[in-house]
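These notes concern the structure reproduced below.
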Amino acid sequence: LTSLEYNFIKNNIIHANKYYSKFIRGSGIRLNCIRPGGIFDNHGKKFVNNYSKNTNNNSMLDKEDLNTIVEYLISDGSRKITGQNIVVDDGFTL
Numbered sequence: 281l282t283s284l285e286y287n288f289i290k291n292n293i294i295h296a297n298k299y300y301s302k303f304i305r306g307s308g309i310r311l312n313c314i315r316p317g318g319i320f321d322n323h324g325k326k327f328v329n330n331y332s333k334n335t336n337n338n339s340m341l342d343k344e345d346l347n348t349i350v351e352y353l354i355s356d357g358s359r360k361i362t363g364q365n366i367v368v369d370d371g372f373t374l
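Under the working numbering, residues 281 to 374 are what the sequence shown spells out, in order.
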């Protein structure tokens with residue numbers, strides 16, 4: 281994918297989440313999306329170094345970094361959260 285295609289897809293997921301959350305309003309079903317930053321998957325050292333310079337902890341995410349937010353979103357503690365895009369990227373998009 282080109283960066284343009286990637287951005288279209290990512291943004292459309294966010295908009296679809298909002299659309300369908302509103303569409304099913306009143307059903308008791310919650311829809312949210314998680315937008316993670318870069319998740320390390322054996323990327324090359326140069327890529328990791330360049331990416332990591334733009335994060336708070338100077339590193340890429342591990343897939344386990346998403347566990348807590350997933351656990352929260354499926355818990356009763358998030359019962360009033362719907363239609364949201366939760367960014368977990370260690371400050372990369374700031």
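Even for Gly, the Cβ is constructed at its ideal location relative to N, Cα and C.
Rounded to whole angstroms, what's the CA-CA distance from residue i to residue j? Just pull it up for me.
| i | j | result |
| --- | --- | --- |
| Phe320 | Ile314 | 17 Å |
| Tyr286 | Val367 | 16 Å |
| Ile304 | Glu351 | 22 Å |
| Thr362 | Ser339 | 29 Å |
| Asn334 | Leu341 | 12 Å |
| Gln364 | His295 | 10 Å |
| Tyr300 | Asn292 | 12 Å |
| Asn330 | Gly371 | 14 Å |
| Lys326 | Thr282 | 20 Å |
Closest by CA to residue i, which one among the options?
| i | options | result |
| --- | --- | --- |
| Ser358 | Met340, Leu311, Asp370 and Gly324 | Leu311 |
| Leu374 | Ser301, Phe327, Asn336 and Ile304 | Asn336 |
| Gly306 | Gly318, Lys360, Asn291 and Asn347 | Lys360 |
| Asp369 | Phe327, Ile349, Gly318 and Lys343 | Gly318 |
Pull the bridge partners of residue i from the DSSP assignment, please.
| i | result |
| --- | --- |
| Asn365 | Cys313 |
| Leu341 | Ile319 |
Tell me whether residue i, by its Cβ, gets closer than 6 Å to a heavy atom of the ligand COA.
| i | result |
| --- | --- |
| Arg305 | You won't find the ligand COA in this model; it holds no ligand whatsoever. |
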